[in-house]
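Here the sequence shown is numbered in my numbering, starting from 39 and rising by one per residue.
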Amino acid sequence: MEDFENEQLHSEHPYQEEPTAQPQNEPISEQQPYSGEGVGRKESPFADSPYVMNRNTTTSFGATPPVPPREHPARAHKSGRKGGKGLKRVLAAVLALVVVAAGCGITAIAVNSHWEARTAQMKQDFDQQISALQEQVKAAAKAAQAGASVPTVVDIAGNMSAGQVYASNVQSVVLITCQVTTTSYGRTMSGTSAGSGFVLTKDGYIITNHHVIENATSVKVSTYDGTEYDAQIIGSDSTNDVAVLKVDAEDLSAVTIGSSDDLVVGDQVVAIGNPLGELTSTLTVGYVSAKDRDVTTEGTILNMIQTDAAINSGNSGGPLFNMKGEVVGITTAKYSGSSSSGASIEGIGFAIPIDDVMPLVDDLINYGYVNSAYLGVMVSNMDEETAAYYNLPIGVYVQEVTPGYAAEKAGVQAKDIIVALGDCNVSNTSDLTRLLRNYKAGDKTTLTVYRSGAKVVLDITLDEKPQTTAEENTQTPSTENMPEEGNFEDWYNYFAPFFGNGNG
């Protein structure tokens, strides 16, 4: 580029004209004698020459004589090549036709392929529209049976408005009330608790949280239309805070189960429940604030969806819907009150991902308990600062090994750091819990631990998780989690489980 610019710069001269090339072999005109006219210098002997460049100017000697035209030498032979050029023109025309025909053929193929792809896309879009309309019709029919009115607009992705989600699912959300008996300091006390749940099947299986029905001596379920049923506890799991109830009913309105893995941060979600156990069938709307939050509830760490949809006492066990009207979570907990710094806490609620729940529900229905694999260890998350300071890996720290179970048999020791189960890495207790759900009692795998500066791979045969006994359910207040300061709500939440407070 630089050479090109230099060439341009030197070749462009606005005041220089290029001299006309003088033809060769032309006779030079005879020199004219000097006439004595003119002043200051002699007249050029070539003044009358036809080869002096004409600059369209005049001199003191008079007008420049005209230059006679010359025949172009190439034209003399033009007629002699006429026949050859005609043949070449014919061949060129034929060749051009062939090229055009080939081009048209290629263009036709390309257009045909494009049209086929476009047609397939249009068909797919049309099918999606038809599916969305069919879902809308189903929702409208379902709402009509419930006596509710439904807006008629559903977007092309199948999403509904919050009102449509509510109208389509409110009949599937139930109020759960329990009579609870607890023993504390040798005294037996009775009370009531309330929460929410949702209908899983038309024949009466209902999902809720374990802590909603914990220590219950009787359970009742009420539907949106006011119908009340006596419920039986089919199974419950405190580790994952999930329970399944059964009522004697037919043709109940069941929910549609979605996928929590498909959620992304920013998706809109809807919660329906019974806050405070009194404000039945309440709708709250929010967004997915975060996923895969490790939240500790009653000493158990659970993987949770964080949402700013209002979650209050009594909402526990209720469904969290996406905007297609599918259940994607079980509303379970919230942060409330104020932080240790005194900052007010608002809009931080949590729901258990439905993808984590459904395999457990199958076990609860089939066996009455979760037939999950069991290691037999007491663990905690590895503190990142401590790990960095001592140059230790991030993993799950083993605090205690339970005698007689899989971990002890495999050689796991206290102070080991579990970094992998099978081929999957373990970074925290939530990872370990999720991975164990993929195994059943009796399955064989490997457990990788970090011990004394080296990784040790242990072969392990997983045990069946021991079932909670009635004696283990008996609660006594512990000073371990008792708030030292805190506000009224902190103390209320601490003592509530022992007195049947009505919290969900």
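Positions of the beta carbon are idealized from the N, C-alpha and C atoms, including for glycine.
Would the stretch 309 to 316 count as touching the stretch 285 to 298 if we require 3 or more Cβ pairs under 8 Å?
No, because fewer than three Cβ pairs between the stretch 309 to 316 and the stretch 285 to 298 fall closer than 8 Å, the two stretches do not touch.
Exposure label - Asp279; buried when at least 16 CB within 10 Å
Under this definition Asp279 is a buried residue.
Rounded to whole angstroms, what is the Cα-Cα separation between Ser418 and Val208?
40 Å
Quick check on the DSSP output: the alpha helix (DSSP H) that includes Tyr204 runs from which residue to which?
Ala200 to Asn207
Buried versus exposed, by CB contacts within 10 Å (16 or more), Pro357
buried
Inside the stretch 336 to 420 only - alpha helix (DSSP H) runs reaching at least 4 residues:
Listed in chain order, the complete alpha helix (DSSP H) runs (minimum 4 residues) inside the stretch 336 to 420 are 392 to 405.
Am I right that Val326 and Asp305 are in contact with their C-beta atoms under 8 Å? What's the rounded C-beta distance?
5 Å
I'd like to check one pair, Thr486 with Asp497: are the Cβ atoms closer than 8 Å?
Not in contact: Asp497 and Thr486 (Cβ atoms no closer than 8 Å).
Which residue wins for smallest C-alpha separation from Tyr435, given the options Lys447, Ser465, Tyr443 and Ser410?
Ser465
Whole runs of the beta strand (DSSP E) within the stretch 234 to 309, excluding any shorter than 3 residues
Complete beta strand (DSSP E) runs here, min 3: 243 to 246, 254 to 260, 266 to 275 and 280 to 285.
With Glu438 as the anchor, note down where its beta strand (DSSP E) starts and where it stops.
Unbroken beta strand (DSSP E) run through Glu438: Val434 to Val439.
Should Val495 be labelled buried (16 or more other beta-carbon atoms within 10 Å of its own) or exposed?
exposed
In the DSSP assignment, what are the bridge partners of Thr219?
In DSSP, Thr219 forms a bridge with Ser228.
Judging by CA-CA distance, which residue of Ile214, Ala479, Gly449 and Leu459 is the nearest neighbour of Thr318?
Nearest C-alpha to Thr318: Ile214.
If contacts are defined as beta-carbon pairs under 8 Å, then Gly355 and Ala389 qualify, I think. What distance do you get, rounded to the angstrom?
Their Cβ separation, rounded to whole angstroms, is 10 Å, which puts Gly355 and Ala389 out of contact at 8 Å.
Leaving out five residues before and five after Ile403 in sequence, what residues of the same chain have Cβ atoms less than 8 Å from its Cβ?
Tyr243, Ile272, Gly273 and Val282
Boundaries of the alpha helix (DSSP H) in which Lys447 is found, first to last residue
Ala444 to Ala448
Starting from Leu485, trace the beta strand (DSSP E) in both directions and tell me its first and last residue.
Residues Lys482 to Arg489.
Does Gly460 come out as helix, strand or coil in the three-state DSSP assignment?
coil
Taking Thr318 as part of the alpha helix (DSSP H), name the residues at either end of that continuous run.
For Thr318, there is no enclosing alpha helix (DSSP H), as DSSP marks it with neither H nor E.
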